[in-house]
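Using full-length UniProt numbering, the first residue of the sequence shown is number 1, and each one after it goes up by one. Below is one structure, written out as structure tokens; comments come after it.
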Amino acid sequence: MNNLSPHLPAEKYKELMDISPICTVDVLFFNSDKTKTLLFKRKNQPIRDQYFSIGGRLLKNERLMDGAVRQSLREACVVVDIEKLTLGGTQDEINPNSMFDGINYHAVNTFYGYVLGSEEIKLDSQHSEYRWFPVTYDSFHPFIKTKIASLLKAYGKEL
Numbered sequence: 001m002n003n004l005s006p007h008l009p010a011e012k013y014k015e016l017m018d019i020s021p022i023c024t025v026d027v028l029f030f031n032s033d034k035t036k037t038l039l040f041k042r043k044n045q046p047i048r049d050q051y052f053s054i055g056g057r058l059l060k061n062e063r064l065m066d067g068a069v070r071q072s073l074r075e076a077c078v079v080v081d082i083e084k085l086t087l088g089g090t091q092d093e094i095n096p097n098s099m100f101d102g103i104n105y106h107a108v109n110t111f112y113g114y115v116l117g118s119e120e121i122k123l124d125s126q127h128s129e130y131r132w133f134p135v136t137y138d139s140f141h142p143f144i145k146t147k148i149a150s151l152l153k154a155y156g157k158e159l
């Protein structure tokens, strides 16, 4: 569907976040044998200065997988083959802070896995760096731990 909503001006987005959860879509990148995941260090809230998956708000009339493709291109310059996305699941992501003072973050987040080949990563302005982590790393953010476990299960692997 081509009738996607525009990106919201900050004031409207703030109003939305104050009264309702937002619908988001994330992508977790893996190496070919799914022993490592590529995470991106966030510059902004929520979860500033932590390594996290890429993703963001789903646009009105945008299908989840199309949002995953858009976010991958926008945040990492990775062209994702929609047929190779693997659904990991959906989870609540609630944080005490957000990009707006005095408003907490609440997202209903659907996440996908994608196996990277030799794609070159180019960061957008939301991230300062990226890094490969072993999927067994014990200091992941709890949301990332859940995503990895769910995606490995979807791939037929265990931690």
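Yeah, the Cβ is synthetic: ideal placement off N, Cα and C, and Gly gets one too.
Distance from the CA atom of ARG70 to the CA atom of PHE100, rounded to whole angstroms, is 24 Å.
Listed as beta-bridge partners of CYS23 by DSSP are VAL108. Looking at ASP124, ASP138, ILE144 and TYR13, the one whose alpha-carbon comes closest to that of THR110 is ILE144.
Under the DSSP definition of a beta bridge, GLU93 partners with ALA107. Sequence-distant partners of ARG48 (beyond 5 residues in either direction) whose C-beta falls short of 7 Å from its own C-beta, in its chain, are ARG42. In this structure the segment 140-159 lies against the segment 74-91, because at least three pairs of beta carbons, one per stretch, are closer than 8 Å.
Annotation for ASP124: ARG74 and GLU75 place their beta carbon closer than 7 Å to its own, counting only its chain and skipping 5 residues before and after. Under DSSP, PRO134 forms a beta bridge with LYS36. Assignment of SER150 by DSSP, reduced to helix, strand and coil, places it in the helix class.
A direct Cα-to-Cα measurement between GLY67 and VAL27 gives close to 10 Å.
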